[in-house]
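Everything below concerns the one structure shown next.
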Amino acid sequence: MQRRARTYLTGVALAVMLSGGLTACTGSPDEGNGEDTKAGNSSSAPPPAEPGKYRTLPEPCGAVGIETLKKLLPGAEAAESTSGSTTSGKNAEAGPDSSPYKGEATVTYDTDRRVGCRWKSATSLATRHLAVDLERVVSYDPAVSDDKRAQLLYDERAGQAEIPTGEDSGSPSEDGNGDEGENGDANGDAKGGDKSEDAGSQDAENKGDDGSEKSDSGANGESDKDPDASQSPDEDLSPRTLDGIGDNAYIDDQLDTADSGVHRDITLVFRSANVIATIRYDQWLTDKRRTPDSAELQEKARSVAEELAGDFDDN
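Residues -24 to -1, 1 to 291 (mature numbering (1 follows the signal peptide of the UniProt record, and there is no 0)) are what the sequence shown spells out, left to right.
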């Protein structure tokens, strides 16, 4: 009896083991299908947006060539000639730190994201300021690329400056200073004037401006040349978009005749991929009966923008 009982129990145990093994085998394919389904769902997520073209920014005080600076800062060459020595880089002739062509770097919190430089020249007739600001835009939204984020910021600043589009180009804006709200005036000067409907119209009423950087009065570098002489009657000098500079560009022109002094302020902003560049160029006149030449200042601000944009295109 004991031998029969043992045989019976052994048979039952084998049957239980076999049935358990069959259950495990039949269940495994379903589990495998579940894992495959989950893997398929995760692979359907959209890929992150591409990073911007530019990962670094140039050294700002060396970004504008010495020949360009000489044209924008008349009278500075007389001060530079007393400096003597030379430096390295794009402005190899700029001289020591005291040279007006050396420039003064703008203090920023992160030079990988934003840099700037400013220059100044002064004569007995006028004072001029030039400032360059370079911002590398980075998007923190994985669905928005750096370039797209830069485009959105550019559009926002153009809107703040009330730059007319193709549809309303016949109605220039009356107020607005571009990105002054965030960056302020690069030279610390208040912007209290009204934007002119025709930036060149004021020039025609005033004979005897310092429109040329080549002096008729010695070492000043400024002259009493008629500012309207080099201006075409049909030339559009109002705030507007520009072609041929980066991916997008606009120029803003503002004349201020307040008691603090007569000055004209040019702001040119352009975007190249994920970098936004802002050029500010102004002229303050000693003689308040005259107004700065809009055409000349816009042309020189544009020359800086074209030089910077060309350097970005080469990289």
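Built from N, CA and C at the ideal position, the CB exists for glycine as well.
query, result
"Cβ pair count under 8 Å reaching 3, the stretch 87 to 100 against the stretch 108 to 117", "yes"
"Assigned secondary structure, Asp290 (DSSP; H/G/I helix, E/B strand, else coil)", "helix"
"Host alpha helix (DSSP H) of Leu129 (start-end)", "122 to 136"
"Spatially closest choice to Arg263 from Val238, Ile221, Lys47, by CA coordinates", "Reading off the sequence shown, one finds Asp at residue 263, where the question assumed Arg. It is Val238."
"Per DSSP, cross-strand counterpart(s) of Leu244", "Ile227, Ile255"
"The stretch 267 to 281 in contact with the stretch 239 to 251 per 3-pair CB rule at 8 Å", "yes"
"Residue ranges of each beta strand (DSSP E) within the stretch 85 to 127, 3 or longer", "90 to 98, 102 to 112"
"Range covered by the alpha helix (DSSP H) that runs through Leu48", "42 to 48"
"Gly51 versus Ala119 - alpha carbon distance", "50 Å"
"Option nearest Gln136 by Cα separation, candidates Pro215, Thr267, Asn250", "Pro215"
"Cβ-based burial, Val83 [other Cβ within 10 Å; buried from 16]", "exposed"
"Bridge partners - Ala81, DSSP secondary structure assignment", "Cys93"
"Outcome for Ser236 when other beta-carbon atoms lying within 10 angstroms are tallied against a minimum of 16", "exposed"
"Sheet register partners of Thr217 (DSSP bridge)", "Tyr226"
"Gly286 classed as buried or exposed, judged by whether at least 16 other C-beta atoms fall within 10 angstroms", "exposed"
"Cut-off 6 Å between Cβ atoms - residues of its own chain near Leu48, not counting five sequence neighbours on either side", "Leu106, Lys276"
"Ser97 to Lys46 span [Cα, whole Å]", "10 Å"
"Reference residue 292, options Asp232, Leu284, Asn291, Val251, closest by Cα", "Residue 292 lies beyond the stretch modelled for the chain, which goes from -24 to 291, so this question has no answer here."
"Distance between Ala249 and Tyr116 (C-alpha atoms, nearest Å)", "16 Å"
"Buried versus exposed, by CB contacts within 10 Å (16 or more), Asp229", "buried"
"Closer than 8 Å to chain B by CB, Glu26", "Absent from the structure: chain B. Only one protein chain is present."
"DSSP-derived helix/strand/coil call for Leu33", "coil"
"Top-ranked residue by Cα proximity to Tyr30, from Thr99, Asp219, Val251", "Val251"
"Whole-angstrom distance between Glu26 and Arg256, CA atom to CA atom", "31 Å"
"CA nearest to the CA of Leu284, picked from Pro23, Pro22, Pro24, Gly41", "Gly41"
"Beta-bridge partners of Asp232, as assigned by DSSP", "His239"
"Sequence-distant residues of its chain with Cβ nearer than 8 Å to Thr32 (five each side left out)", "Asp88, Arg112"
"Cβ neighbour criterion (16 or more within 10 Å) applied to Leu261", "buried"
"Per-residue burial, Ser270 [other beta carbons within 10 Å of its own, 16 or more giving buried]", "buried"
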